[in-house]
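K.L.:
I'd like to ask some things about the structure below.
Chains as they are written, first to last, in our numbering: chain S, -12 to 126; chain L, -12 to 126; chain E, -12 to 126; chain F, -12 to 126.
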């Protein structure tokens, strides 16, 4: 299951309607770590034109879930996630870098940093974390 | 500023591209409490067809922000939000009910319950909270 | 295991050194809900004489764990907990009221309100939540 | 205010009754980062003899608050803190290393790692974060 994490993660990403609509791209993927990107479009904006906090959360939660999937496979559900919005998120492109903090048989702890990129300059705009539950294998 | 919270909240909702795309509707609105709804569409789904955790977060964060705006006006930024996913979110319609737990001059604590509605039956699928910072008035 | 939750919870409380030192008392206990109290003593204060945020967290986390134990027994570990400090916590006595939001085979979601009592008047000073993992039974 | 952060932080630590009782020691302190330690004693244990989750939270919240104080002074209140318990916390000594993620005029975002030390070997047992509100200066 973990033999080719990139193929697995790209397949999950392609099969999720919301990810496709948002334009999530799996940039890179290794055991325990994933980089996910999204270009800016006005459709992901909140009322004053920054990236909507919901999309900030979606990028962080998705990247965290993918990082976990590279280690334990796709049978996962997010139980809890949280987001700290450090700065108004504004840029031409957004990159979420997630990693596994602690894998486990029952649950996986992950964390993520979200960067906005404007004219080639990266700025940290949010940090977050997701606690995922590993679903039991069906008999 | 608080005289007509419904008008204010509907105006913010209409001016946010992401809210319009998702189909967020302000169902009701009173001082300190807001109900926000969204119909199911496949575009808001994750890879196995449930509501994407990112949209779960978007509904909760948005409803919480609106509840806060009814008391302190629109000059607010979400500093922190968190979501507990209690059950896979599946339904024809989703309703987020947010309320202010503690208003303040510098920050507003809010919480929210998210229900999925299937054939008229409501089921609690997620709970969450948002801590909002009140922006200082410009001189 | 759930036949007499009060006995179970009091036994856990009595066997925890930290709970005894802090003076935690199990006031009441029913399936899915626990009330835990603690008298004020200067030893639980932070530098300006309010209840230390760590003790706020300890009361909330402990009450949440006890509420979960009434439904699924004592084989539990807190995976995540969070606390919102609404007001400086000052009083003669503190009462934490926790309840189970969603029980499960693998995890239990709980939440808690913490009140300070001063001259008989209760004031909500903090809210919090704990996500507990149910440990697998040893074979 | 920030001229000598170590003196400031040690003074706050010494003036907090709970910190003294727990045996919190400020190991090191630089602008934006603090290391706080505590020896194991049975009084800080939960019912099966691990470090009580409340004390885990107290160490994390305290170290985070001190890290913030090195940059913005002592007029701070914790608004929100959260803790992820990665492993049962067992050791002869515990060390919390906190740093400021993003300082600000109204709020400071911080994070912390907690290590257990057993026979000279460090093990990461918990991670957490605190969002602190900067109190306005009195006129």
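Even for Gly, the Cβ is constructed at its ideal location relative to N, Cα and C.
Here the structure is a predicted model, which means the values were calculated and not measured.
Can you tell me which of the three DSSP states residue 2 of chain E falls into?
P.N.:
Helix.
K.L.:
Could you name the residues of the same chain whose beta carbon sits closer than 8 Å to that of residue 109 of chain S, not counting the 5 residues immediately before and after it, in chain order?
P.N.:
The answer, listed in chain order, is 82, 102 and 103.
K.L.:
Of all the beta strand (DSSP E) runs that stay within the bounds of the segment 37 to 91 of chain L, which reach a length of 3 or more residues?
P.N.:
Within the segment 37 to 91 of chain L, the complete beta strand (DSSP E) runs of at least 3 residues are 63 to 72 and 80 to 89.
K.L.:
Compare the C-alpha of residue 107 of chain E against each of E/-1, E/78 and E/122 and name the closest.
P.N.:
Among E/-1, E/78 and E/122, the Cα nearest to that of residue 107 of chain E is on E/78.
K.L.:
Counting beta carbon pairs with one atom in the segment 9 to 24 of chain L and one in the segment 18 to 38 of chain S, are three or more of them shorter than 8 Å?
P.N.:
Because the criterion of three Cβ pairs below 8 Å is not met, the segment 18 to 38 of chain S and the segment 9 to 24 of chain L do not touch.
K.L.:
Assuming residue 55 of chain L and residue 63 of chain L make a contact with CB atoms under 8 Å, what is their CB distance in whole Å?
P.N.:
Contact flag correct, Cβ pair sits at about 6 Å.
K.L.:
By alpha-carbon positions, which one of S/114, S/59 and S/30 ends up nearest to residue 5 of chain L?
P.N.:
Closest by alpha carbon: S/30.
K.L.:
Quick one: what does DSSP say residue 26 of chain F is sitting in, helix, strand or coil?
P.N.:
Residue state, collapsed to three classes: strand.
K.L.:
What would DSSP say about residue 111 of chain F, mapped onto helix, strand or coil?
P.N.:
In this structure, residue 111 of chain F counts as strand in the three-state DSSP scheme.
K.L.:
Flag this pair as yes or no: are the beta carbons of residue 66 of chain L and residue 39 of chain S separated by less than 8 Å?
P.N.:
Not a contact, by the Cβ cut-off of 8 Å.
K.L.:
Using the three-state DSSP reduction, which class does residue 117 of chain E fall into: helix, strand or coil?
P.N.:
Of the three classes helix, strand and coil, the one that applies to residue 117 of chain E here is strand, per DSSP.
K.L.:
Name the residue from L/69, L/10, L/119 and L/57 whose alpha carbon lies nearest to the alpha carbon of residue 93 of chain L.
P.N.:
Here the closest residue by C-alpha is L/119.
K.L.:
Mind checking the segment 91 to 118 of chain L against chain F and listing, in chain order, the residues whose C-beta falls within less than 7 Å of any C-beta there?
P.N.:
Cβ contacts with chain F come from 93, 94 and 118.
K.L.:
What are the boundary residues of the beta strand (DSSP E) that includes residue 101 of chain S?
P.N.:
Per DSSP, residue 101 of chain S belongs to the beta strand (DSSP E) from 94 to 105.
K.L.:
Would you check if the distance between the CB atom of residue 95 of chain S and the CB atom of residue 59 of chain S is smaller than 8 Å?
P.N.:
Going by C-beta atoms, residue 95 of chain S is nearer than 8 Å to residue 59 of chain S.
K.L.:
Listed from N- to C-terminal order along the chain, which residues in the segment 50 to 62 of chain L have their beta-carbon within a distance smaller than 7 Å of any beta-carbon of chain E?
P.N.:
Those residues of the segment 50 to 62 of chain L that come within reach of chain E (Cβ to Cβ, closer than 7 Å) do not exist; the list is empty.
K.L.:
Can you say whether residue 69 of chain S is buried or exposed, counting buried as having 16 or more other CB atoms within 10 angstroms of its CB?
P.N.:
Per the 10 Å Cβ criterion, buried.
K.L.:
Run down chain E in chain order and give the residues with a C-beta less than 7 Å from the C-beta of residue 66 of chain S.
P.N.:
Correct list: 94 and 118.
K.L.:
Any C-beta of chain S within less than 8 Å: which residues of the segment 68 to 85 of chain F qualify?
P.N.:
Under the 8 Å Cβ criterion, the segment 68 to 85 of chain F contributes 69, 71, 73 and 74.
K.L.:
For the segment 21 to 34 of chain E, which residues have a CB atom closer than 8 Å to at least one CB atom of chain F, in sequence order?
P.N.:
The residues in question are 29, 30, 31, 32, 33 and 34.
K.L.:
Compute the distance between the beta-carbons of residue 85 of chain E and residue 98 of chain E, then report whether it is under 8 Å.
P.N.:
Against a cut-off of 8 Å, the Cβ pair of residue 98 of chain E and residue 85 of chain E comes out as a contact.
K.L.:
Answer with yes or no whether the minimum CB distance from residue 121 of chain E to chain L is below 8 Å.
P.N.:
With 8 Å as the cut-off, residue 121 of chain E does not count as an interface residue toward chain L.
K.L.:
Just to confirm my understanding: we take residue 122 of chain F, look at its own chain, exclude 5 residues before and 5 after, and list those with CB closer than 8 Å. What are they?
P.N.:
The residues are 62, 63 and 64.
K.L.:
Within 10 angstroms of its Cβ, does residue -9 of chain S collect 16 or more other Cβ (buried), or is it exposed?
P.N.:
Residue -9 of chain S should be labelled exposed.
K.L.:
Shortest alpha-carbon distance to residue 0 of chain F belongs to which of E/35, E/57 and E/72?
P.N.:
Residue 0 of chain F has its Cα closest to that of E/35, out of E/35, E/57 and E/72.
K.L.:
Which bits of chain L does residue 88 of chain E rub up against, with CB to CB less than 9 Å?
P.N.:
Near residue 88 of chain E (Cβ distances below 9 Å), the residues of chain L are 71, 73, 111 and 114.
K.L.:
Tell me, please, which residues DSSP counts as bridged to residue 15 of chain E.
P.N.:
E/22.
K.L.:
Using only the alpha-carbon positions, how far apart do residue 8 of chain F and residue -4 of chain F sit?
P.N.:
Taking the straight line from one Cα to the other gives about 17 Å.
K.L.:
Taking the Cβ atom as the reference point for each residue, do residue 72 of chain S and residue 43 of chain S lie within a distance shorter than 8 Å?
P.N.:
Closer than 8 Å, so yes.
K.L.:
Name the residue from S/50, S/37, S/91 and S/80 whose alpha carbon lies nearest to the alpha carbon of residue 15 of chain S.
P.N.:
Comparing Cα positions, the closest option is S/50.
K.L.:
Let me see if you follow: with CB-CB separation under 8 Å, is residue 44 of chain E close to chain F or not?
P.N.:
Residue 44 of chain E counts as touching chain F.
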